[in-house]
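Working notes, structure below.
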Amino acid sequence: MKKILIGFFSGICLILLSGYVILLSGGIPVATKGEPFPFERYFANKAIHIAIGQEVNKKSPLLIDEINMQNGAKVYMNSCAVCHGGLGGQLTSIAKGLFPKPPQLLELDDQIIDDPIGEVYWKVKNGIRLTGMPGFIDSLSETEIWQVSQLLTNVNKISVETKSILITNQK
């Protein structure tokens, strides 16, 4: 039994030592250009969903009305569009350099209209570590965080007036 335990712990130590040597030799890519590690997306998504927890069920205290949608659009253009783009725009120079690439939240393929508003609120408020997504807890008010969260979960239903705020000339 003693030999089995020694072999087991020796194997674990060898794996850890190998990882450390790979790390020290520069074998782990840390630049923004490159592909994610195997299972990286899976574990990252699991960690996010566990961290958000019951916040996902949180409901907005604001009405979904034109004023809140337009204010959410203004917040988006001032705080989010630099990475996530405006309507009709292309990736900004900042977005091009991020890894992973930020979703273009106003474009049809990247819209988050199916995400619970509590989840969007949590992500805007707290950010997501190691993704480039900052938390806005110290720079936006609770109302502004809810307004931009409502905008993003209802972006497929916005008025022409709200759309006009979100149009960008970024090329």
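The working numbering puts the first residue of the sequence shown at 74, with every later residue one more than the last.
Note that CB positions come from ideal geometry on N, CA and C, so glycine has one too.
Everything numeric in this text was worked out from a predicted model, so none of it was measured.
**OP:** Evaluate the contact criterion for the segment 177 to 190 versus the segment 220 to 228: three or more CB pairs, one atom per stretch, below 8 angstroms.
**Re:** yes
**OP:** Please work out which residues of its chain come closer than 8 angstroms, Cβ to Cβ, to K75, disregarding the five sequence neighbours upstream and downstream, and give them in chain order.
**Re:** none
Original post:
Sorted by chain position, which residues of the same chain lie with C-beta nearer than 7 angstroms to L89's C-beta, five sequence neighbours on each side aside?
Top reply: none
Original post:
Count the other CB atoms within 10 Å of the CB of Y149; is the residue buried (16 or more) or exposed (fewer)?
Top reply: buried
Original post:
Taking the alpha-carbon positions, what's the Q243 to E113 distance?
Top reply: Confidence is the limiting factor: at Q243 the pLDDT is only 49, short of 50, which leaves the residue's position unreliable, though a coordinate-based value still follows. In a straight line, the C-alpha of Q243 is about 31 angstroms away from that of E113.
Original post:
Is the beta carbon of P109 less than 8 angstroms from the beta carbon of P173?
Top reply: yes
Subject >> Same chain, Cβ closer than 7 angstroms to V155, five either side skipped, listed in chain order >> reply: T165 and I167
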